[in-house]
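Peer 1:
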Amino acid sequence: MRTLKLLQTLLKINIQMSLAYRADTVINIFLSLVWLGWEFLSLNIIFSNTTTLGGWGIGELIVLLGVFRLVNTYMAALIWPNTEKFNASVRDGSLDYTLLQPVNSLFMVSFSRITIWRGWEVLLSGSLIVVGTRMSGSISSPLSLLTFFVLVLSGGLVLYSLWVVLIALTFWFTKFDNNVTILQALLDSGRFPATVYPAWLRIIVTFIIPIAVATTVPVQGLRGELSPAQVLGFLGISAAAFLFAMQVWQLGIKRYSGASS
Amino acid sequence: MLNIFKHFWQVNWAENWQYRANLLMYLFYWLVSPIIYMAVWTTVARSNGSVNGMTANDFIVYYMTLLVIDQLTGNITIHIFAYKIQDGTLAGELIRPVHPMLTNTLVTNLAHKALNFLAFLPIWGVLCLLFRPDYTGTPWWGPILAVPAVILGFAIGFLLSGAITCVAFWTTRVWALHEFYYSILVLFSGQFVPLQLMPGIVQQMARYLPFQLILYFPIQLTLGRLSPTEIVTGFASALVWLVVSYLLFTWTWREGVKRFSAVGA
Amino acid sequence: MPPTEPAIIVENLSKTYQVPEREAGFGAAMRSFFKRKYKDVRAVQNVSFNIQPGEIVGFLGPNGAGKTTTLKMLSGLLHPSAGKARVLGFTPWELKNTYLKSMTLVMGQRNRLSWDIPAADSFLLNQAIYRLTDDEYNATLKELDELLELGPLLKKPVRNLSLGERMKCEIAAGLLHRPKVLFLDEPTIGLDISGQLRIREFLREYNRRSGATILLTSHYMADVTALCERIVIIHQGQLKYDGGIVDLSRRIAPYKLIGVLLSDAETHNLERYGTPVDNEEDSEKRYIQVSAEDVTAVTARMLAELPVHDITITDPPIEAVIERAFNE
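Residue numbers (this note's numbering), protein chains in the order written: chain F, 1 to 261; chain Z, 1001 to 1265; chain H, 2001 to 2328.
#1: Exposed or buried, Z:A1265, counting other C-beta atoms within 10 Å across all chains shown (16 or more means buried)?
#2: Helix, strand or coil, according to DSSP, for H:I2234 in the structure here?
#3: For chain F, is any of its Cβ atoms less than 9 Å away from the one on Z:M1198?
#4: For the beta strand (DSSP E) containing H:Y2287, name the first residue and the last one.
#5: Which class does H:H2309 belong to by DSSP, given the choice of helix, strand or coil?
#6: Does the segment 1210-1223 of chain Z touch the segment 1150-1157 of chain Z, meaning 3 or more C-beta pairs lie closer than 8 Å?
#7: Could you tell me the boundaries of the beta strand (DSSP E) in which F:N49 lies?
#8: Please state if the CB of H:T2213 and the CB of H:L2184 are separated by a distance shorter than 9 Å.
#9: Relative to the C-alpha of Z:Q1071, which candidate in Z:D1087, Z:N1116, Z:S1050 has its C-alpha closest?
#10: F:F192 versus chain Z: which residues are under 8 Å apart at the beta carbon?
#11: Could you check what DSSP says for H:K2256 in three-state terms: helix, strand or coil?
#12: Any heavy atom of the ligand MN within a distance shorter than 8 Å of the CB on F:I13?
#13: Would you decide whether Z:S1227 is buried or exposed? Buried here means 16 or more other CB atoms lie within 10 Å of its CB.
#14: Taking 9 Å as the threshold (beta carbon to beta carbon), is F:Y74 in contact with chain Z?
#15: Run the CB neighbour count on Z:K1113, radius 10 Å, all protein chains shown included, and call it buried at 16 or more, exposed below.
#16: Apply the 10 Å Cβ neighbour rule to F:I203 and answer buried if 16 or more other Cβ atoms are within range, or exposed otherwise.
#17: Please list, in chain order, all residues of the same chain as Z:W1124 whose beta carbon is under 8 Å from its beta carbon, the five residues on each side excluded.
#18: Assign H:H2219 to one of two classes, buried (16 or more other C-beta atoms within 10 Å of its C-beta) or exposed (fewer than that).
#19: Can you pull the chain H residues whose beta carbon is under 9 Å from the beta carbon of F:I13, in chain order?
#20: Quick one: using the 10 Å Cβ neighbour count with 16 as the cut-off for buried, is Z:W1041 buried or exposed?
#21: Which value, in whole angstroms, describes the spacing of the CA atoms of F:Q8 and H:Q2127?
#22: Pull up the CB-CB distance for H:N2111 and H:E2170, whole angstroms please, since I reckon it's below 8 Å.
#23: Among all the DSSP beta bridges, which residues are the ones paired with Z:M1054?
#24: Are the beta-carbon atoms of F:V219 and F:W80 separated by less than 9 Å?
#25: Taking 9 Å as the CB-CB cut-off, is H:S2263 touching chain F?
#26: Residues of chain H with a CB under 9 Å from the CB of F:A20: which are they?
#27: For F:V71 versus F:T216, is the C-beta distance shorter than 9 Å?
#28: With a cut-off of 8 Å on the beta carbons, I'd call H:Y2287 and H:I2313 a contact; round off their distance for me.
#29: Using a Cβ-Cβ cut-off of 9 Å, state whether F:S257 counts as contacting chain H.
#30: Residues bridged to H:E2011 by DSSP?
#31: Suppose you measure from the CA of Z:L1130 to the CA of Z:D1058; what does that come to, to the nearest Å?
#32: Under 9 Å, CB to CB, which of the residues in the segment 28-41 of chain F have a partner in chain Z?
#33: Using a C-beta cutoff of 9 Å, does H:R2131 count as contacting chain F?
#34: How about F:L128 and F:V63: do their beta carbons lie closer than 9 Å?
#35: Please confirm whether Z:V1098 and Z:I1219 have their CB atoms less than 9 Å apart.
#36: For the segment 164-181 of chain F, which residues have a beta carbon sitting closer than 7 Å to at least one beta carbon of chain Z?
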């Protein structure tokens, strides 16, 4: 498919760009590991003082950590670099060139930059998820695993849709350079199950900036806590969010080009 | 000399005011982690009664105080200075008859702090209403003693950050170094996990490092949780570290400026 | 032969912007926070023209005249406030993919190429975007390489190229998909004389070989006189002139500026020689305006009669020419 070929080319280009910064890659891997050490220490301290947190055992917390790191990698590898590029392209006018390319503009805006070396963090996250699942033992039925994967993907889609809306706001509020900071700010809440937070914070991270939908919810699916209706509900929400985001983007482009509708 | 500071204050306040929307955003950003950890620990404390002697309220009081202390002792030096070294604009400041970091950067930090505090106080008030910390156990002399501790904590943090920022004179990797510094700071200052909950070895190491003087020591001082011996050793340690970090800073600055002038931007 | 349909048809095209208006001062800032005042800026007013396939047409006009706005509407980036346009049978601002594949826009002041990677890699991205087969792509690249002398430039990161080299690569990138219509916005801006010449030669040759229609804006008269047989002049959003170069020079009485630096302190009256004018770009010399045919004679007289320390003869700036020609 043509999109695949385009994605391939983008990957090649981004690999080349990152090769120019090899030493930085090593440093970044080191720093990632330092923070992982910190995360393990935190979990250790918490679980030497209790056996469950919000009803979840340490295995599930490790799975959650894996999902959180996956989301974090997505932010670092795709969302931040493309946000920077997009903001710059609005400022210097090179967005015009993107709009004139015979490819979906949102596709190009979403994928021009890919921080390739972060790929290893995907493996790390995967390992955390596998280890955590093993540790908690009771939750690895094929159905719950399937639910888990599907909810991880749909949670990612929700975050993607939110991102699209946030960057599209630049079309209306040109000085809105900090568009994505709010997403990053609340990201840390994904480290722990949302059930632990006071009600008002839980509402914020589930309904307003839905980090919990991408982190807590998939693990709930893995634990079999969600009814089929709830799972379908979440899938429906992510589909609706995606469609809404597409609309907002189209409106934004129209506004950028001075269409009076 | 006072005139110089007054002038810097006016300029920096005006500049910071322009960026107030960004300020709010970053304030909000900074608030999230302590709140999350506070929520986690209070949950654990409530289900177990207490953790290591700390009740749920102890945790709430700890983190609410942490928010205030962090506002007072934090610094943004690397964010406002590193780029000046990297793009050469520092040259303009070096030819002025005042030390760029000890005047301009210091005052920027203070102006930023003052502005932040304006926005922070009402938010802190709201958080108090939401979390209901019970400060009744706090002695009146706690906050008073904490004042010099906060000043020392800020000074030490500022000088150490300054020294790290000076690494920018030699390499562009200064940001990675700073992130590493931050990860150690977080570990040994009691920022996300109160020090008394850390494994013994971490607590031992923390005693010999300056980082707890930036957060943990002032917090515990405010809450009146330290024995007289601990208070005295704490302040003594702060004075020692003040001298050490001052020497470290002046040395890296001097060497850095030499290199800057030799190599150019 | 049946009459060919024009490649570009423009009918009463207009674009009006609403720009927020605000005075300086704290009071005004407070007021504008509550109630925004807007001003209408009529960037393009009722412009109409047709361009046949294969023509090279120059759009001339001072800064802010509406050239770039018109070009953006024709390339599809802007929706007009009123009027119609059809390029190659398409309505540009519908941004249909088939339209986008047959046109190109190159803006002299904006970069398309990625800064950190060699131009060759950006080209490959374009190949994927425009779905060019390897054969098509290689053939076109070879030809562009030959015409523009790209050679080793393609392997260097774009960051390391000079402005002239970068412009050549930007133009090449825009032509990889063999568009039938080229919109070029100030392609030679910032280039030195040899850079400008090279681009002009390239465009001439490219037009000859491919028959592509070229619409070029500039505020350098030389760009336009070198390349275009037809000029459209836009001033304050309105189309002031559309026709051949030869007719244009008849329309604007040609004149030159003589600048002179006198070596004595007396105030000489220069009105005997020509019309004194101010030249903002040079405050040392005193300038007079003289019709082109009289220049030699007047210069000779001045050299003979005045204590001349330095003398220059220049063309008037394009803005002045247009102001003069169309504001009388």
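Glycine residues also receive a C-beta, built at the ideal position from the N, C-alpha and C atoms.
Peer 2: In terms of the structure at hand:
#1: Summary for Z:A1265: the model assigns pLDDT 47, below 50, so the residue's position carries little reliability; its value from the coordinates is reported in the next sentence. Its Cβ having fewer than 16 others within 10 Å, Z:A1265 is exposed.
#2: Here H:I2234 sits in strand by DSSP.
#3: Yes, contact with chain F.
#4: Counting along the chain, the beta strand (DSSP E) containing H:Y2287 begins and ends at 2286-2291.
#5: H:H2309 carries a strand assignment under DSSP once its states are collapsed to helix, strand and coil.
#6: Contact check between the segment 1150-1157 of chain Z and the segment 1210-1223 of chain Z: three or more CB pairs, one atom from each, fall below 8 Å, which counts as touching.
#7: That residue, F:N49, is in no beta strand (DSSP E); it is neither H nor E in DSSP.
#8: For H:L2184 and H:T2213, no; Cβs fall outside 9 Å.
#9: In terms of CA proximity to Z:Q1071, Z:N1116 leads the group Z:D1087, Z:N1116, Z:S1050.
#10: Here the neighbours are I1036, A1039, V1040.
#11: Note: H:K2256 maps to strand in three-state DSSP.
#12: The model on display carries no ligand, and the ligand MN is accordingly not part of it.
#13: Residue burial annotation: Z:S1227 is exposed, with fewer than 16 other C-beta atoms found within 10 angstroms of its C-beta.
#14: For F:Y74, the answer is no, since every Cβ of chain Z falls outside 9 Å of its Cβ.
#15: With 16 or more other Cβ atoms within 10 Å, it is buried.
#16: Burial call: exposed.
#17: The answer, listed in chain order, is M1064, L1067, V1068.
#18: Label assigned to H:H2219: buried.
#19: Chain H residues near F:I13: S2114, I2117, D2121, S2122, L2124, L2125.
#20: Under the 10 Å beta carbon count, Z:W1041 is surrounded by 16 or more other beta carbons and is classified as buried.
#21: Their Cα atoms are separated by approximately 12 Å.
#22: Rounded, the Cβ-Cβ distance is 7 Å, consistent with contact.
#23: DSSP, once it has assigned bridges, lists Z:V1051 as partnering Z:M1054.
#24: With contacts defined as CB atoms closer than 9 Å, F:V219 and F:W80 fail to qualify as a contacting pair.
#25: No, its Cβ sits nowhere closer than 9 Å to a Cβ of chain F.
#26: Those within 9 Å of F:A20 in chain H are D2116, I2117, P2157.
#27: Cβ distance not < 9 Å, so F:V71 and F:T216 don't count as in contact.
#28: Your pair H:Y2287 and H:I2313 does not check out as a contact, with CB atoms roughly 10 Å apart and the cut at 8 Å.
#29: With 9 Å as the cut-off, F:S257 counts as an interface residue toward chain H.
#30: Per DSSP, H:K2084.
#31: Straight-line Cα distance between these residues: approximately 16 Å.
#32: Of all residues in the segment 28-41 of chain F, N28, F30, L31, V34, W35, G37, W38, L41 have a Cβ within less than 9 Å of some Cβ in chain Z.
#33: Interface residue (Cβ-Cβ distance to chain F less than 9 Å): H:R2131 is classified as such.
#34: It is a contact, given that the beta carbons lie within the stated cut-off.
#35: The Cβ atoms of Z:V1098 and Z:I1219 do not sit closer than 9 Å to each other.
#36: Answer in chain order: N178, T181.
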